[in-house]
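All remarks here apply to the structure that follows.
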Amino acid sequence: MVRAAVLCYAELNGLNGLSYYVKKFKDNQDYFYTKGIQLNICIRGMNENHADEKEALQSELRYVNSTKYKLKQKVIKVLKKLQLGNRIILKKSGLMPAKEVVDVYDKEITSADVVIINDTNTAYYVLKDGLNKKIIYVMHNSGELYGQLFAQYPGMQKGKVYQFLKELEAKIYKKSTALVFVSETAKKKFAREHEDYASKCIYIPVGREDIECKYRHSYDYIHIVTTGTVCRRKNQMALLKAIREINDPTIKLTVVGGGPELDHCKEYVMAHNLQNVEIAGFANDVVEYLDRANLFVSPSLDEGVPATGVEALRNGLPIIISDVGGCRELIRNNGVLITPDNQEQLEKAILRVCRDKRVLEKMSMESRKLYEERYSLTSMFEKYISLINEIMKDKSL
Numbered sequence: 041m042v043r044a045a046v047l048c049y050a051e052l053n054g055l056n057g058l059s060y061y062v063k064k065f066k067d068n069q070d071y072f073y074t075k076g077i078q079l080n081i082c083i084r085g086m087n088e089n090h091a092d093e094k095e096a097l098q099s100e101l102r103y104v105n106s107t108k109y110k111l112k113q114k115v116i117k118v119l120k121k122l123q124l125g126n127r128i129i130l131k132k133s134g135l136m137p138a139k140e141v142v143d144v145y146d147k148e149i150t151s152a153d154v155v156i157i158n159d160t161n162t163a164y165y166v167l168k169d170g171l172n173k174k175i176i177y178v179m180h181n182s183g184e185l186y187g188q189l190f191a192q193y194p195g196m197q198k199g200k201v202y203q204f205l206k207e208l209e210a211k212i213y214k215k216s217t218a219l220v221f222v223s224e225t226a227k228k229k230f231a232r233e234h235e236d237y238a239s240k241c242i243y244i245p246v247g248r249e250d251i252e253c254k255y256r257h258s259y260d261y262i263h264i265v266t267t268g269t270v271c272r273r274k275n276q277m278a279l280l281k282a283i284r285e286i287n288d289p290t291i292k293l294t295v296v297g298g299g300p301e302l303d304h305c306k307e308y309v310m311a312h313n314l315q316n317v318e319i320a321g322f323a324n325d326v327v328e329y330l331d332r333a334n335l336f337v338s339p340s341l342d343e344g345v346p347a348t349g350v351e352a353l354r355n356g357l358p359i360i361i362s363d364v365g366g367c368r369e370l371i372r373n374n375g376v377l378i379t380p381d382n383q384e385q386l387e388k389a390i391l392r393v394c395r396d397k398r399v400l401e402k403m404s405m406e407s408r409k410l411y412e413e414r415y416s417l418t419s420m421f422e423k424y425i426s427l428i429n430e431i432m433k434d435k436s437l
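Numbering (this note's numbering), first residue to last: 41 to 437.
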């Protein structure tokens, strides 16, 4: 029996794609066991006594809607403008939670044959301890390790923080046995820019568990949905501005998700009296919102392959999405790619797609077809099982 540990500094029931990703490994530990792999999950929140998953999610939701959380976001907004502030953010928000994970699960990590790491913070402590392990590092990004971090915290691109991060980056690439990319585009980009590590690169798309798909044959009106953390990187504000500019009462928008820009979005909707826009906030299950919609739009500024986009494919939704990271892998006769941060192009894409109902119906079927071919959860697990077995067999690694 091969022993493997999945590490992540996030919360098990966190309101983000990374937490969902690790949680699916937890939910399918028995499947791995039947394949000869004992899988241990090392993430914060594993040992909390919640009556069920829904209660845990509600607890997290109460926190992100609390005064304490909002005050924290205001403090971060001030800190990120200062060099010392960025060092504090990195330590408090990343390194300290990661150290907690490594300390709590020391036994599981040290006894593992293979360690699967999902973030740089946890990687720092695993590598710092000098553990002689076979490491699979998962690149949940566009091929640039710190692309999303630097987009959110530009001040981290200079000074001691930047030096620390670049040294850690070099160590991760050198010490990892395999580098897994959730996007084929990201993998190719990385391999071109880091030829010395190209042989370590593996593409394993992020899978989502299947659900019954409800095809939408009525396009008498357009109901756009966008889901994900409401933040500058996801760029929901651009979509709100597009709806305001288009000013068509037959086009409705629902914004699903919580995050630091949620209040700003609400204020914008109220200030401009956008009656055809619903700011839903965080939802335990986004499926009900995807079921009600007939078009998915994501104007993100940076992504790997967004889990929200895969969910849209699964639900058979036509897609308009920014051409960043691996997002173009979600488009195959089922939608439109747009240039990131191009307001005019976003508005034109929405109007063009909404003009022809028959095209939308065809796109809907093509989305579902692409999901079934590439993004099933079982397919993702089988690829990881094969990778782990390959690593264990190769004595040179």
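All C-beta atoms in this analysis are idealised placements derived from N, C-alpha and C, irrespective of residue type, glycine included.
Are the beta-carbon atoms of residue i and residue j separated by less than 8 Å?
| i | j | result |
| --- | --- | --- |
| Val42 | Asp153 | yes |
| Gly299 | Val327 | no |
| Ala323 | Val296 | yes |
| Val366 | Val222 | Inspection of the sequence shows that residue 366 is occupied by Gly rather than by Val. Yes, Cβ-Cβ distance for Gly366 and Val222 is below 8 Å. |
| Val166 | Leu47 | yes |
| Ala347 | Arg248 | yes |
| Ile431 | Ala238 | no |
| Arg127 | Lys198 | no |
| Leu135 | Asn161 | yes |
| Val337 | Ile360 | yes |
| Arg102 | Glu51 | no |
| Tyr186 | Ser216 | no |
Exposed or buried, which one is residue i when buried takes at least 16 other CB atoms within 10 Å?
| i | result |
| --- | --- |
| Ile251 | exposed |
| Thr225 | buried |
| Glu384 | exposed |
| Gln276 | buried |
| Glu207 | exposed |
| Ser404 | buried |
| Val118 | exposed |
| Arg351 | Note that residue 351 is Glu in the sequence shown, not Arg. Classification of Glu351: buried, given that the 10 Å Cβ count is 16 or more. |
| His263 | buried |
| Leu501 | Only positions 41 to 437 of the chain appear in this structure, which leaves residue 501 out of reach. |
| Ala210 | exposed |
| Leu357 | buried |
| Asn53 | buried |
From the DSSP secondary-structure annotation, give me the bridge partner or partners of residue i.
| i | result |
| --- | --- |
| Leu135 | BP columns for Leu135 are empty, so no partner. |
| Met179 | Phe221 |
| Met294 | What sits at residue 294 in the sequence shown is Thr, not Met. For Thr294, which the question treats as bridged, DSSP gives the partners Val265, Glu318. |
| Lys229 | Partner(s): none; Lys229 has no beta bridge. |
| Ala44 | Leu79, Val154 |
| Val337 | Ile360 |
| Tyr243 | Phe221 |
| Val376 | Ile360 |
| Glu406 | Beta-bridge pairing links Glu406 to no other residue. |
| Ser59 | According to DSSP, which records beta bridges pairwise, Ser59 is partnered with nothing at all. |
| Glu449 | This structure leaves residue 449 out entirely; the chain is present only between 41 and 437. |
| Glu328 | Beta-bridge pairing links Glu328 to no other residue. |
| Arg84 | Glu51 |
Once you ignore the five residues that flank residue i on each side, which residues in its own chain have a CB closer than 7 Å to its CB?
| i | result |
| --- | --- |
| Thr150 | Leu171 |
| Lys423 | Ile244 |
Give me, in chain order, the residues of the same chain whose beta-carbon lies closer than 8 Å to that of residue i; leave out the 5 immediate sequence neighbours on both sides.
| i | result |
| --- | --- |
| Val309 | Leu280, Val317, Ile319 |
| Arg284 | His312, Leu314 |
| Leu122 | Gly195 |
| Glu387 | Ala282, Glu285, Ile286 |
| Tyr164 | Leu135, Ala138, Leu208 |
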